Amino acid sequence: MSTDTSSDVQVTFSDLALDKSLLKILDEIGYESPSPIQEKTIPLLLEGRDIIGQAQTGTGKTAAFALPLISNIDIKQKDPSLLVLAPTRELAIQVAEAFQKYATYMKGFHVLPVYGGSEYSGQIRSLKRGVHVVVGTPGRVMDHIRKGTLKLGNLTALVLDEADEMLRMGFIDDVEWILEQAPDERQIALFSATMPQQIRRIATKYLNDPEQVTIKTKTTTVNTIRQRFWPVSGVHKLDALTRILEAEDFDGMIIFVRTKNSTEELAEKLKARGYSAAPLNGDIAQNKRERTVNDLKRGNVDIVVATDVAARGLDVERISHVVNYDVPHDTESYVHRIGRTGRAGRQGDAILFVAPREKRMLSAIERATRQKIDMMELPSTEVINDKRIDKFKDRITDTLSKDANPIFTQLIEQYQQEHNIPAVEIAAALAQLLQGGNEFLLTNKPKRKQKSREDWDQDGGSRGRDRDRGRGREDRPRRERSERSERPPRKERQKDTELDEGMSRYRIEVGHDHQVKPGNIVGAIANEADIESRYIGRISIYDDHSTVDLPEGMPKELLYTLKKVWVSGQQLKISLDGQDNKSQTPGDSSKHSSDKKKTGKRHPVMPSDGGRGNDDNRGKLSLKKRARRR
Ligand code: AMP
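Numbering (the numbering used here), first residue to last: 1329 to 1958.
Here's what the structure looks like:
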């Protein structure tokens, strides 16, 4: 197997000084190696350091803090040692479940999720009995602290998970209050996909000499690779995959999954569906792995289902397709993965399955690779059936081109005479025989129309998470909804017209009239002016124009570039807000003057990580939507 020169030594979980019981369960779950955020974070948290982890869902961040902090827990200590704050009930449950799973072999370990809307009595009973880890939403955690049912006196560590989401939801004052109640000597791990100013302030105030963990991104993708993504919805991933396999003309394919176990399971399922597939993971003996790669090279195997580690550096020219069945942990892995196709100047195809809760990873990939990935529709029933018919005819032609066994010709002639049945009917009966019990053509099922990219982008991310888990936001018990309504995102609202320090407000000539979405603006500015999206501040969309806050003193060249950029069919013609477009001086960093004549509806949004900005924007937009839903 030839390898990329870039591939470095792979750290394993057993290199990381984790408790033995954790290594045992990780092996059972089938995690092959630590994800990048885990590799960096676990040693630091084991040492007792405070950390700021810039990571989002999908990177393996839960295990990045859960594994070392479980390792550090003194199981004899019955008052909570660890408190994890999470923005939503769903995330709190998800994180608590992850703790429970990782601590399977830690005798006597207890974790308790606490969130608004659930019964106090059960939670209080559990807290009295003793729990090692509490995972909760800020409001309910505060209530328990006030009631005296949650004691933080023995707390050794605190995790703020999705801190920017807690800020966005108006929980940041509660978070700060809780931090104030914690003992002085405690470790803090703060995780946030973006780093808005308030989060930085909290980090500076409460964290002790924190180590910042950000995952470096590799951004070069080959332009001979066509990249598409399929938004996971309605159809099971395996069914979607088989449709894709039927419709795409592929030569060799590599399908990436997360765990060693999944490589085996998926390869088995594909084999059962008639594909020549084989698993490739780090547990398979080296000689067998080499055999699999050789089989793929020679065409004895068409599909290899692999983990990142096992497929590192794999260089097989015939791989025409890479399918990311599970999203990668980071953008760098994505780039590595899709680099397995498009080898030796050939064309390649990369397909990524993205569940609603993984949208942020899609934005991160698009941002890192500076490329928009096209949304694909699943091949329709008609397309699949046409393919099946073509394939069937090809098989007949192929067989006819080979020397037929004379016995069959004789037999059919004989049968025809004996039964006086036309040859075509006999052929049809044989085809039926060949097909076995399986249906030859798919029957048309009425299909819900797939959402457009824009609609999908605007769908709530945490709602997505709910849907994934089979619990809709609407299912949330009433009390939690009202708990939330008591905490409107006040600060966000106040800031509606304020300009953050160090920022200037610019006007762009595209607005609601042109159906522009905040994500389009962030995407265009981030990509065309090469401005990291975290520097793109508040965006307000009016009827015929919008405003966007950008760092003061934007270089002239950048502004000239931006003037010409097209968004939603309009040139941005960017100018300092409040100045005549023609007379404005690019680069002038004078403060904005507010636009008194604005008449349009305001939709204040502040995408702080942007990319295409969709997740953050969605967060902001949904402030209004949420208010309406209530
Ligand atoms: P998170 O970013 O914590 O939401 O994790 C995303 C998914 O990755 C979860 O389904 C985890 O079970 C999975 N995961 C976490 N760490 C690893 C790992 N080292 N290898 C494979 N899968 C992992």
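Yeah, the Cβ is synthetic: ideal placement off N, Cα and C, and Gly gets one too. Small disclaimer: the values here were computed from a predicted structure and weren't measured.
Asked	Found
DSSP three-state assignment for Ala1485, whether helix, strand or coil	strand
Test item: CB-CB of Ile1506 and His1460 under 8 Å	no
Close-in-space but distant-in-sequence residues of the same chain around Lys1368 (CB under 6 Å, 5 per side omitted)	Val1541
Test item: CB-CB of Gln1898 and His1842 under 8 Å	yes
Nearest-angstrom Cα separation, counted from Lys1352 out to Ala1424	19 Å
Proximity test, Gly1386 beta-carbon vs ligand 1 heavy atom, cut-off 7 Å	yes
Contacting residues, own chain, Cβ-Cβ under 7 Å from Asp1726 (five flanking each side not counted)	none
Limits of the unbroken beta strand (DSSP E) element including Val1650	Ile1647 to Asn1652
Per DSSP, the bridge partner or partners of Arg1554	Asp1677
7 Å Cβ shell around Tyr1834 - same chain, five flanking residues per side excluded	Thr1875, Val1876, Leu1878, Ile1902, Ser1903, Leu1904 and Asp1905
Sequence-distant residues of the same chain with beta carbon closer than 8 Å to Ala1639, five excluded per side	Ile1582, Phe1584, Leu1608, Val1632, Arg1665 and Arg1668
Proximal residues to Ala1420 (C-beta, below 6 Å), its chain only, five neighbours per side dropped	Ala1414, Pro1441, Tyr1443, Val1463, Gly1464 and Thr1465
As assigned by DSSP and simplified to three states, the class of Met1882	coil
Three-pair Cβ contact test at 8 Å for the segment 1379–1389 versus the segment 1348–1367	yes
Distance between Ala1751 and Gln1744 (C-alpha atoms, nearest Å)	7 Å
Buried or exposed (CB count within 10 angstroms, at least 16 for buried), Gly1602	exposed
Closest residue to Glu1539 among Phe1519, Glu1829 and Leu1495 (Cα-Cα distance)	Phe1519
Residue interval of the beta strand (DSSP E) (run including Thr1542)	Glu1539 to Thr1542
Asn1482 versus Leu1706 - alpha carbon distance	53 Å
Heavy atom of ligand 1 within 7 Å of Tyr1662 beta-carbon	no
Limits of the unbroken beta strand (DSSP E) element including Gly1580	Gly1580 to Phe1584
Three-state secondary structure assigned by DSSP to Arg1698	coil
Pair within 8 Å by beta-carbon distance, Ile1380 and Leu1495	no
Reduced DSSP secondary structure (H/G/I, E/B, other) of Met1703	strand
Cut-off 6 Å between Cβ atoms - residues of its own chain near Tyr1863, not counting five sequence neighbours on either side	Pro1879
DSSP bridge partner residues for Val1876 (one or two, in chain order)	Tyr1834 and Ile1867
Which listed residue (Val1895, Glu1829 and Ala1678) has its alpha carbon closest to that of Asn1848	Val1895
Glu1493 CB to nearest heavy atom of ligand 1 below 7 Å	no
beta-carbon Thr1390 near ligand 1 non-hydrogen atom, thresh 7 Å	yes
CB of Val1655 within 8 Å of CB of Leu1680, strictly	yes
beta-carbon Ser1896 near ligand 1 non-hydrogen atom, thresh 7 Å	no
Whole-angstrom distance between Met1703 and Glu1782, CA atom to CA atom	10 Å
Buried versus exposed, by CB contacts within 10 Å (16 or more), Asn1652	buried
Per-residue DSSP class, three states only, for Tyr1743	helix
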